[in-house]
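Participant: What follows is a single structure, and I will ask about it in a moment.
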Amino acid sequence: MASRATQAPAPKTQAASSSAPKAPKPADFNKKQELEAYREMLLIRRFEEKAGQLYGMGLIGGFCHLYIGQEAVVVGMQLALKPGDEVITAYRDHGHMLATGMSPRGVMAELTGRRGGLSKGKGGSMHMFSKEKHFYGGHGIVGAQVPLGTGLAFANKYRGNDNISLTYFGDGAANQGQVYESFNMAALWKLPVVYIIENNRYAMGTSVSRASAETDFSRRGLSFNIPGIQVDGMDVRAVRAAGDEAAEWARSGKGPIILEMQTYRYRGHSMSDPAKYRTKDEVQKMRSEHDPIEQVRNRLLEKGWASEDELKAIDKDIRDIVADAADFAQADPEPDASELYTDILL
Numbered sequence: 070m071a072s073r074a075t076q077a078p079a080p081k082t083q084a085a086s087s088s089a090p091k092a093p094k095p096a097d098f099n100k101k102q103e104l105e106a107y108r109e110m111l112l113i114r115r116f117e118e119k120a121g122q123l124y125g126m127g128l129i130g131g132f133c134h135l136y137i138g139q140e141a142v143v144v145g146m147q148l149a150l151k152p153g154d155e156v157i158t159a160y161r162d163h164g165h166m167l168a169t170g171m172s173p174r175g176v177m178a179e180l181t182g183r184r185g186g187l188s189k190g191k192g193g194s195m196h197m198f199s200k201e202k203h204f205y206g207g208h209g210i211v212g213a214q215v216p217l218g219t220g221l222a223f224a225n226k227y228r229g230n231d232n233i234s235l236t237y238f239g240d241g242a243a244n245q246g247q248v249y250e251s252f253n254m255a256a257l258w259k260l261p262v263v264y265i266i267e268n269n270r271y272a273m274g275t276s277v278s279r280a281s282a283e284t285d286f287s288r289r290g291l292s293f294n295i296p297g298i299q300v301d302g303m304d305v306r307a308v309r310a311a312g313d314e315a316a317e318w319a320r321s322g323k324g325p326i327i328l329e330m331q332t333y334r335y336r337g338h339s340m341s342d343p344a345k346y347r348t349k350d351e352v353q354k355m356r357s358e359h360d361p362i363e364q365v366r367n368r369l370l371e372k373g374w375a376s377e378d379e380l381k382a383i384d385k386d387i388r389d390i391v392a393d394a395a396d397f398a399q400a401d402p403e404p405d406a407s408e409l410y411t412d413i414l415l
């Protein structure tokens, strides 16, 4: 007879059953919301295009990871936040910073390493933050932000406030061990954190199917009883609806939740990546059939909420904002050498 120690334990039911949130229908945006989403996504798109140009001119040092194609994720999620909620992400962070309301001038000046940059020119593309906007980076080490985002959620629970932590990471980082350590702690202590996996289908040059045994990333937390939802990350309305659902779940004391945003990046992993691991036809198909900005643009036109001329005027205004940011980022002086000895923690 088997001892109690060797008897197989009774199987447990996974948390993602009856009580777990389901994928909601896309949000029903009104005219104001559609225009706001269009403008915010277009700002990120035009900013990143300009950043790519400046990098090509040798004005941006180090790495530069563009967010082109993924704009709906961060814009939709930002609409679900309340004042005081916190955001932390990886190195593809320019779009997240703009979506939180950080100055295009400050972001661009940080890319070029100038005094007016949000980290005084010392952080560069991957290491910016804003205490005022509750944005905690920008992190260059793959997956390293996930324990930190979990820690932000722990701090919120300890203080007894109503805030949540949005912790972004990619499909590549989803295979890092520290991610699962964070999942375990977040589930154990029911921390108010929303884990957002931006599945853009490639971890650098490796496709999801070649790198992950489980390609449904919304299931990655099941062994910790963390529910997950798959989301069309190319549709800002779907992101907003899922964001509302997840934020309410975390804010109500039910613990962590995972959102897998199925999205796509049009550019290479970084500016130094020629992206020869995929075809131009693949990229063009995604742009022509699923582009997040074009989806909103088409709805605005179809519903008569904006004319071609009005949308062109918005684009011109955005281009002017981005051009001003680029001019500032080139004219602003570099930091003094004495800045090397400031902001040091030991």
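Residues 70 to 415, numbered by the working numbering, are exactly what the sequence shown covers, in order. Each residue gets a CB set at the ideal place from its N, CA and C atoms; glycine is no exception. Owing to the predicted nature of the structure, the values given are computational and were not obtained by experimental measurement.
1) Does the beta-carbon distance from Met110 to Ile266 come in below 8 angstroms?
2) Check each candidate in Ala315, Ile327 and Tyr227 and name the one with the smallest Cα separation from Leu148.
3) Measure the alpha-carbon distance for Ile157 versus Ala375 and round it to whole angstroms.
4) Which first and last residues belong to the beta strand (DSSP E) in which Gln331 is found?
5) Can you give the beta carbon distance from Ile233 to Val215, rounded, assuming they're within the 8 angstroms contact cut?
6) Just to confirm the assignment: which complete beta strand (DSSP E) runs, minimum length 3, are found wholly within the stretch 125–189?
7) Starting from Leu235, trace the beta strand (DSSP E) in both directions and tell me its first and last residue.
8) Flag this pair as yes or no: are the beta carbons of Val144 and Ala106 separated by less than 8 angstroms?
9) Determine the direct distance from the alpha carbon of Ala224 to that of Gly322, and round the result to whole angstroms.
10) Cβ atoms of Ile327 and Tyr264: under 8 angstroms apart, would you say?
11) Just grab the DSSP bridge partners of Phe204 for me.
12) Quick check on DSSP: helix, strand or coil for Ile275?
13) Skipping 5 residues on each side, what residues in its chain have a beta carbon closer than 7 angstroms to that of Glu140?
14) Just to check my reading of the structure: Arg183 and Glu408 have Cβ atoms closer than 8 angstroms, yes? What is that Cβ distance to the nearest angstrom?
15) To the nearest whole angstrom, what separates the beta carbons of Thr169 and Gln399, a pair I think is in contact under 8 angstroms?
16) With C-beta atoms as the reference, is Met340 less than 8 angstroms away from Tyr124?
17) Where are the beta strand (DSSP E) runs, 3 residues long or more, that stay fully inside the stretch 241–268, in chain order?
18) Taking the alpha carbon of Gln245 as the reference point, which residue from Lys226, Ala256, Leu257 and Ala272 has its own alpha carbon closest?
19) When the Cβ atoms of the stretch 387–395 are set against those of the stretch 345–365, are three or more pairs found closer than 8 angstroms?
20) Unbroken alpha helix (DSSP H) runs of length 4 or more, entirely within the stretch 332–413: which are they?
21) In the DSSP assignment, the alpha helix (DSSP H) including Val215 goes from what residue to what residue?
22) If you count every other CB in all the chains shown that lies within 10 Å of the CB of Asn99, and 16 or more means buried, which is it?
23) Classify Gly229 as buried or exposed, calling it buried when 16 or more other Cβ atoms lie within 10 Å of its own Cβ.
24) Do the CB positions of Val365 and Val277 come within less than 8 angstroms of each other?
25) With a threshold of 16 other CB atoms inside 10 Å of the CB of Pro296, please say whether the residue is buried or exposed.
26) Roughly how many angstroms separate the alpha carbons of Lys349 and Arg368, rounded to a whole number?
27) Does DSSP put Ile210 in a helix, in a strand, or in coil?
28) Can you tell me whether DSSP reads Ile298 as helix, strand or coil?
29) Using C-beta distances below 7 angstroms, list every residue in its chain close to Lys189, excluding the 5 sequence neighbours before and after it, in chain order.
Facilitator: Considering the structure as presented:
1) no
2) In this structure, Ala315 is the residue among Ala315, Ile327 and Tyr227 with its C-alpha nearest to the C-alpha of Leu148.
3) The straight-line gap from Cα to Cα measures roughly 34 angstroms.
4) Ile326 to Gln331
5) No, Ile233 and Val215 are not in contact; Cβ-Cβ is about 15 angstroms, not under 8 angstroms.
6) 155–157
7) Ser234 to Gly239
8) yes
9) 14 angstroms
10) yes
11) Val156 and Ser199
12) Note that residue 275 is Thr in the sequence shown here, rather than Ile. DSSP places Thr275 in the strand class (E or B) of the three-state scheme.
13) Met110, Ile113, Arg114, Gly164, Pro361 and Ile362
14) Going by Cβ atoms, the distance from Arg183 to Glu408 rounds to 11 angstroms, so no, they are not a contact pair.
15) No, Thr169 and Gln399 are not in contact; Cβ-Cβ is about 24 angstroms, not under 8 angstroms.
16) yes
17) 262–268
18) Taking only the C-alpha atoms, the option nearest Gln245 is Ala272.
19) no
20) 349–359, 361–371 and 377–400
21) Gln214 to Arg228
22) Exposed, because fewer than 16 other Cβ atoms sit within 10 Å of the Cβ of Asn99.
23) exposed
24) no
25) Pro296 comes out buried.
26) 27 angstroms
27) coil
28) strand
29) Sequence-distant partners of Lys189 (beyond 5 residues in either direction) whose C-beta falls short of 7 angstroms from its own C-beta, in its chain, are Pro404 and Glu408.
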